[in-house]
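Following: one structure in structure tokens, then a few remarks.
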Amino acid sequence: DTGVSQNPRHKITKRGQNVTFRCDPISEHNRLYWYRQTLGQGPEFLTYFQNEAQLEKSRLLSDRFSAERPKGSFSTLEIQRTEQGDSAMYLCASSYPGYEQYFGPGTRLTVT
Amino acid sequence: GENVEQHPSTLSVQEGDSAVIKCTYSDSASNYFPWYKQELGKRPQLIIDIRSNVGEKKDQRIAVTLNKTAKHFSLHITETQPEDSAVYFCAASSNTNAGKSTFGDGTTLTVKP
Chain A
4 DTGVSQNPRH KITKRGQNVT FRCDPISEHN RLYWYRQTLG QGPEFLTYFQ
54 NEAQLEKSRL LSDRFSAERP KGSFSTLEIQ RTEQGDSAMY LCASSYPGYE
104 QYFGPGTRLT VT
Chain B
354 GENVEQHPST LSVQEGDSAV IKCTYSDSAS NYFPWYKQEL GKRPQLIIDI
404 RSNVGEKKDQ RIAVTLNKTA KHFSLHITET QPEDSAVYFC AASSNTNAGK
454 STFGDGTTLT VKP
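Protein chains in written order, with this note's numbering: chain A, 4 to 115; chain B, 354 to 466.
What follows is the structure in structure tokens.
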């Protein structure tokens, strides 16, 4: 499968725990984006990378969120001390600069 | 920052009818406008896009129009089929914003057979 992949697909965690998600973009794409989607809403931008450099973070991203893309390939998104309001679908997308974004299947996070 | 508004939030049509979804954007620097279809539990998939240097683009039963002056763009689906039923999202982005997309809140389209 040459599309964008994300793992895990589902994650249930207790409030206060840390979680980490992984995104594997399309291999030739140097841009990688993270979005968050809640029910009934469109995806909201969180952060993006060009190669390994994280070039922008949304104000939505509190200090509990961190993202990395260490070798310019896969990326991880970590949420520390999860809260119930973090429950959402976390989507990853990749692209060439100036071209359409291809989305992964998402990781659905449920914080209990 | 960019703000995208999408209307209507729900749309129900009979099979064979046309469906139109409208979006407005606020940032005049936006120059790329994709439309995504998202089926329940699945990833958003690009169905058509338009750049600011053209006013209209068509792909079989789907067309998108763009009015830069009024800052609005629309998705037109003709001869709708039940498999067109899904949530449709419009988005706006610009090269100056590194292509990050600002999405509308979606339109749930139901095509009744």
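Don't be surprised by glycine CBs; every beta carbon is placed ideally from N, CA and C.
Out of curiosity, what's the CA-to-CA distance linking residue i and residue j?
i, j, result
"A:His19", "A:Gln83", "Note that residue 19 of chain A is Gly in the sequence shown, not His. Using only the alpha carbons, I get a separation of about 7 Å."
"B:Tyr385", "B:Glu358", "15 Å"
"B:Leu364", "A:Gly45", "16 Å"
"B:Ala445", "A:Tyr99", "17 Å"
"B:Gly452", "A:Tyr102", "8 Å"
"A:Pro11", "A:Cys26", "9 Å"
"B:Glu368", "B:Arg414", "13 Å"
"B:Thr455", "A:Gly75", "24 Å"
"B:Tyr441", "A:Asp89", "24 Å"
"B:Gln391", "A:Asp66", "30 Å"
"A:Asn54", "A:Arg72", "8 Å"
"A:Gln9", "A:Thr110", "7 Å"
"A:Thr5", "B:Ser381", "35 Å"
I believe residue i touches residue j by the beta-carbon criterion, under 8 Å. Please report the beta-carbon distance rounded to the nearest angstrom.
i, j, result
"B:Thr460", "B:Ile374", "5 Å"
"A:Pro28", "B:Arg396", "Not a contact, Cβ separation roughly 13 Å."
"B:Lys424", "B:Thr377", "6 Å"
"A:Leu94", "A:Phe77", "Wrong, their Cβ atoms sit about 15 Å apart, outside the cutoff."
"B:Asp412", "B:Ile401", "5 Å"
State yes or no: is the C-beta of residue i within less than 8 Å of the C-beta of residue j?
i, j, result
"A:Thr23", "A:Glu59", "no"
"A:Leu112", "A:Lys17", "no"
"B:His429", "B:Ser362", "no"
"A:Ala70", "A:Thr41", "no"
"A:Phe48", "A:Arg34", "no"
"B:Thr433", "B:Ser427", "no"
"A:Ala96", "A:Val7", "yes"
"B:Ser447", "B:Ser383", "yes"
(request) Can you check the stretch 366-402 of chain B for any beta strand (DSSP E) of at least 3 residues that lies completely inside it and give the ranges in chain order? (result) 372-378 and 385-391
(request) Give, in chain order, every residue of the stretch 19-32 of chain A whose Cβ lies closer than 7 Å to some Cβ of chain B. (result) none
(message) Short of 8 Å Cβ to Cβ, which residues in the stretch 395-429 of chain B face chain A?
(response) Lys395, Arg396, Pro397, Gln398, Leu399 and Asp402
(request) Could you please tell me which residues of the stretch 366-388 of chain B, in chain order, have their CB closer than 8 Å to any CB of chain A? (result) Tyr385 and Pro387
(message) For the stretch 444-458 of chain B, list every residue whose C-beta sits within 9 Å of some C-beta in chain A, in sequence order.
(response) Ala444, Ser446, Asn448, Asn450, Ala451, Gly452, Lys453, Ser454, Thr455, Phe456, Gly457 and Asp458
(message) List, from N- to C-terminal side, the beta strand (DSSP E) runs of 3 residues or more that fit wholly inside the stretch 4-77 of chain A.
(response) 8-10, 13-16, 22-27, 34-40, 47-53, 56-60 and 68-71
(request) Identify each residue in the stretch 78-96 of chain A for which the Cβ-Cβ distance to at least one residue of chain B is less than 9 Å, and report them in chain order. (result) Leu94 and Ala96
(request) With 7 Å as the C-beta to C-beta threshold (strictly closer), list the residues of the stretch 98-114 of chain A near chain B in chain order. (result) Ser98, Pro100, Gly101, Glu103, Gln104, Phe106, Gly107, Pro108 and Gly109
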